[in-house]
Amino acid sequence: MNENRTAKKSRLDDPASWVDLYGDLLYRFALSRVKDPSIAEDIVQETFLAALKSRANFKGRSTARTWLIAILKHKIVDHIRKKVREPASDNIESLSDAAANDPVEGSFKDDGGWLNRPARWDLNPMKIYEQKEFMDTLYRCLADLPERQAAAFMMRELDDLSTEEICKALNISATNSWVILYRARMWLRQCIEKNWLATDC
886 MNENRTAKKS RLDDPASWVD LYGDLLYRFA LSRVKDPSIA EDIVQETFLA
936 ALKSRANFKG RSTARTWLIA ILKHKIVDHI RKKVREPASD NIESLSDAAA
986 NDPVEGSFKD DGGWLNRPAR WDLNPMKIYE QKEFMDTLYR CLADLPERQA
1036 AAFMMRELDD LSTEEICKAL NISATNSWVI LYRARMWLRQ CIEKNWLATD
1086 C
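Set out below in structure tokens:
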């Protein structure tokens, strides 16, 4: 077991090789989350710098790849946290525009029951995930979501962060996170049904 940890740790002994070994992987991962190539590059650079500073703390309990991805995830969350907290007056929708685009609006009766319950998808989730077409559609739909909803959804469903971590990153309450996630899921459902399931039939 010590030999295995030594082998894992030895990959970190040569920081010059990190870009060749992990650069493309980290870049693709970052780009899938932030959607901006230059920001993705910056986050990967920050990841390498953070790894360089903290490599003495690497215990070898995971692979260098896993360790670097964990650092990258933290850097992405830091980026999202910073971006969500910055005022973005040019991106703020008017309340009437937001209400008109709200997939939840008009979905429920006054007592909270469904007006029109969404149809069940009789699909195997693991097979869907493996399909490139589905993932392309999902990422296109995510790109159309309001930034906070997209960030919350990606942190929960793609990065498997806890509610507490999401709330901290986005500076929101737990209740607000549930509402944001619900709205994101409803909108994504409609978008996927329109852009993927409709063409898949």
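Taking my numbering, the leading residue of the sequence shown gets 886, the next gets one more, and so forth. Ideal Cβ placement from N, Cα and C applies to all residues, glycine included.
Using three-state DSSP, classify I1057 as helix, strand or coil. coil
Euclidean distance between Cα positions of D927 and L934: 11 Å
With 16 as the cutoff for other CB atoms within 10 Å, does L1073 come out buried or exposed? buried
Below 8 Å on the Cβ atoms is my guess for Y907 versus L953; work out the distance and round it to an integer in Å. 5 Å
Under the three-state reduction of DSSP, which class applies to L1030: helix, strand or coil? coil
Given 8 Å, three or more beta-carbon pairs between the stretch 1017 to 1032 and the stretch 935 to 948: no
CB contact flag (A1037, I1065, <9 Å): yes
Coarse secondary structure for R933, derived from DSSP in three states: According to the sequence provided, residue 933 is Phe. The question's Arg does not apply to it. Looking at F933 - three-state DSSP - the assignment turns out to be helix.
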